[in-house]
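Right, one structure below, let's go through it.
2 protein chains.
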Amino acid sequence: MDIEARTAVLSRSPFFRELDPDLVALSAREAQERKLAKQESLFQQGDDATHHYVVAWGRLRLDQATPDGKNIVLRFMGPGDLVGSVAVFRGMPYPATPVAVEETSVLSWSAVRMMALMQENPPLAMRAMGMMGGRIEELQARLQEIATQQVERRIAATILRLAGQSGRRTAEGVEIPFALSRQDLAEMTGTTLHTVSRTLSAWIEEGLLEGRRSSHLVILRPHRLVEIAEQA
Amino acid sequence: MDIEARTAVLSRSPFFRELDPDLVALSAREAQERKLAKQESLFQQGDDATHHYVVAWGRLRLDQATPDGKNIVLRFMGPGDLVGSVAVFRGMPYPATPVAVEETSVLSWSAVRMMALMQENPPLAMRAMGMMGGRIEELQARLQEIATQQVERRIAATILRLAGQSGRRTAEGVEIPFALSRQDLAEMTGTTLHTVSRTLSAWIEEGLLEGRRSSHLVILRPHRLVEIAEQA
DNA sequence: CCGTGAATTTGATCCCGCGCAAATCCGGAA
DNA sequence: TTCCGGATTTGCGCGGGATCAAATTCACGG
Chain A
1 MDIEARTAVL SRSPFFRELD PDLVALSARE AQERKLAKQE SLFQQGDDAT HHYVVAWGRL
61 RLDQATPDGK NIVLRFMGPG DLVGSVAVFR GMPYPATPVA VEETSVLSWS AVRMMALMQE
121 NPPLAMRAMG MMGGRIEELQ ARLQEIATQQ VERRIAATIL RLAGQSGRRT AEGVEIPFAL
181 SRQDLAEMTG TTLHTVSRTL SAWIEEGLLE GRRSSHLVIL RPHRLVEIAE QA
Chain B
233 MDIEARTAVL SRSPFFRELD PDLVALSARE AQERKLAKQE SLFQQGDDAT HHYVVAWGRL
293 RLDQATPDGK NIVLRFMGPG DLVGSVAVFR GMPYPATPVA VEETSVLSWS AVRMMALMQE
353 NPPLAMRAMG MMGGRIEELQ ARLQEIATQQ VERRIAATIL RLAGQSGRRT AEGVEIPFAL
413 SRQDLAEMTG TTLHTVSRTL SAWIEEGLLE GRRSSHLVIL RPHRLVEIAE QA
């Protein structure tokens, strides 16, 4: 990817968007690019946090392994999303593993270099805080869901959240544009793939969704899904 | 509270600790103090986020109301903790309500003033990011617990987390130095007060804990509690 | 010191969703 | 085209915790 392409990617990312063009250009020039094959990890949970990354294109799934061998999906990340920064700012090892769910390209900067960029460009630091704040609010919302709502509502809310973050409007409805397994949804909602499968089957039956087997999910009746997510 | 007392409070807070003394003194001088009676709220969920706060003394419980009238406890905050900043950085309304569980004093700064302080003092901005990162990791850990572990383990983990954040070593064990109801624990762990009550009763019976009724909880055998939290 | 009410404890029952098992269905490799 | 393996679907029975109920027990105001 040449510098222009990188600059274009960065200026579209929520992190650099509308910041000083010189800063964006400089950052694009200094970034290292890395490509990941499907299934490949950007780094491993527990590794020292040495770099900040921004997804250029593709899709990552952020997995957290539990001490007892289970796994939960913290989130999916696409173009423009910031990866690894939380750990770098804390000076702690990465708390999760980002895995490419399709071929993916990321740009990276070393911790020290990004620190310097932020110190020289306070607006960049403000952006980083805004993004971390967004992550906190998302996590709080999910915690609230899982703590108070039944499985069906959580699955609906999770699908809607994914649609809001990455959904693409198509002729039939809103498509979630990447492979999302029943297992993934189970690990995002704190349930089992069995329950997710049963729930989605019912919804597909009902004409609410489309996406049997491994095709991408398409929400045919978003409003109805919102009703399920909010049902009193 | 006079300037010296404020300065002392701030220099002990994780937010200002070991930063430039002039900055700490300036911040202390500019802060507004506000006292809250027991049960009083600092602000309401949904209010515009206009100020950053640091707890000087006392204790706040951060509550999040769900759309369907339930409530969850996001965390407890004590001296040195930062309140409200997440929302201010996002430019969104406060997502939760901090309620004083005992008489409490907070220091505050307007959003613009704090922004200026951070832009002039990058290390302060870095601190803020570190603290937000800590919040993110805590939320991720809780999400993992609630998504994968049984209630008993979650309650144990929650008590241990509170002990780690605010616990005081006493002759008998580790005390959680504020009123923490069964209901509070239930709203932190995603269960009901009934289940919490049963679980704690068993632990008290077993000599693991102390704190029937509304006295403060004391962990008599922390190691045993860790075992429960980590039981395979 | 007593009465009142909220917090806690405890009991009994029910049911959502998990665990286990098995069948089925594709996607892709050869 | 066929075969293989992982993903998905579906059935069934049990159990952890929720729900519904009620009894206790303190803290506290008067």
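In order, the protein sequence lines correspond to chains A and B.
1 is the number of the first residue of the first sequence in this note's numbering; add one for each residue after it.
233 is the number of the first residue of the second sequence in this note's numbering; add one for each residue after it.
Here a beta-carbon is modelled for each residue, glycine too, at the ideal position from N, C-alpha and C.
Here A/VAL73 really is in contact with A/MET188; their C-beta atoms are around 5 Å apart, less than 8 Å. Per DSSP, the unbroken beta strand (DSSP E) holding B/ASP295 starts and ends at 292-297. Within a 10 Å sphere around the beta-carbon of A/VAL101 sit 16 or more other beta-carbons, which makes this residue buried. Ranking B/MET364, B/VAL344, B/PHE308 by CA distance to the CA of B/GLN397 puts B/PHE308 first. Taking a C-beta cut-off of 9 Å against chain A, the contacting residues of the region 304-319 of chain B are ILE304, LEU306, SER317, VAL318, ALA319, listed in chain order. Among the residues of chain A, those whose CB is under 8 Å from the CB of B/ARG367 are ILE136, following chain order. Closer than 8 Å to the CB of B/PRO330 there is not a single CB belonging to chain A. Around the beta-carbon of B/ASP313, 16 or more other beta-carbon atoms lie within 10 Å, marking it buried. Per the Cβ contact rule, the region 114-124 of chain A is not in contact with the region 157-173 of chain A (fewer than 3 Cβ pairs under 8 Å). About 6 Å separates the beta carbon of B/MET361 from that of A/ALA128, a gap short enough to meet the 8 Å contact definition.
The beta-carbon of A/LEU185 is placed no less than 8 Å from the nearest beta-carbon of chain B. Listed by position along chain B, the residues whose Cβ is nearer than 8 Å to that of A/GLN64 are GLN372, GLN376. As the crow flies, the alpha-carbon of B/ALA418 is around 11 Å from that of B/ARG430. Against chain B, the CB of A/PRO122 has a partner CB under 8 Å away; the residue lies at that interface. Taking a 10 Å sphere around the C-beta of B/ASP416, we find 16 or more other C-beta atoms and assign the residue as buried. For the 8 Å CB-CB criterion, B/THR329 and B/GLN264 do not form a contact. Put simply, the region 279-290 of chain B does not touch the region 213-222 of chain A. Fewer than three CB pairs are less than 8 Å apart. Taking each of B/TRP289, B/SER259, B/HIS426, B/ALA260 in turn and checking the Cα distance to B/ALA269, the smallest one comes out for B/TRP289.
Within the DSSP secondary-structure output, B/ALA332 pairs in a beta bridge with B/LEU292. Pairwise C-beta distances place the region 385-394 of chain B in contact with the region 450-460 of chain B, as three or more of them are shorter than 8 Å. If you look at A/PHE89, you'll find it in the alpha helix (DSSP H) that goes 85-90. Residue range 264-268 is occupied by the beta strand (DSSP E) that includes B/ARG266. For A/ILE204, the secondary structure class from DSSP, reduced to helix, strand or coil, is helix. Assignment of B/ILE408 by DSSP, reduced to helix, strand and coil, places it in the coil class. Between the beta-carbon of A/THR66 and that of B/THR239 there is about 43 Å, and that puts the pair past the 8 Å contact cut. The C-beta of B/MET346 comes no closer than 8 Å to any C-beta of chain A. Each of B/LEU441, B/MET233, B/GLU335 was checked against the Cα of B/ARG291, and the nearest Cα belongs to B/GLU335. Less than 8 Å divides the Cβ of B/ARG385 from the Cβ of B/ILE460. Selection B/PRO325, B/PRO327, B/ARG456, B/ARG293 evaluated against B/GLY405 yields B/ARG456 as nearest (Cα-Cα). For B/ARG307, there is no enclosing alpha helix (DSSP H); the enclosing beta strand (DSSP E) has its first and last residue at 303-309. Linking A/SER105 to A/VAL55 through their CA atoms gives a straight-line distance of about 6 Å. Residues are counted here when their Cβ sits less than 9 Å from a Cβ of chain A; for the region 406-436 of chain B these are GLU419, MET420, THR421, GLY422, THR423, given in chain order. Spatial neighbours of B/ALA343 in its own chain (CB-CB distance under 8 Å, excluding positions within 5 residues in sequence) are listed in chain order as ALA281, THR282, HIS283, HIS284, VAL320. Here B/PRO409 has SER398, ARG400, HIS448 as same chain residues with Cβ atoms under 7 Å from its own Cβ, once five neighbours each way along the sequence are excluded. With a 10 Å radius around the Cβ and a threshold of 16 neighbouring Cβ atoms, A/ALA202 comes out exposed.
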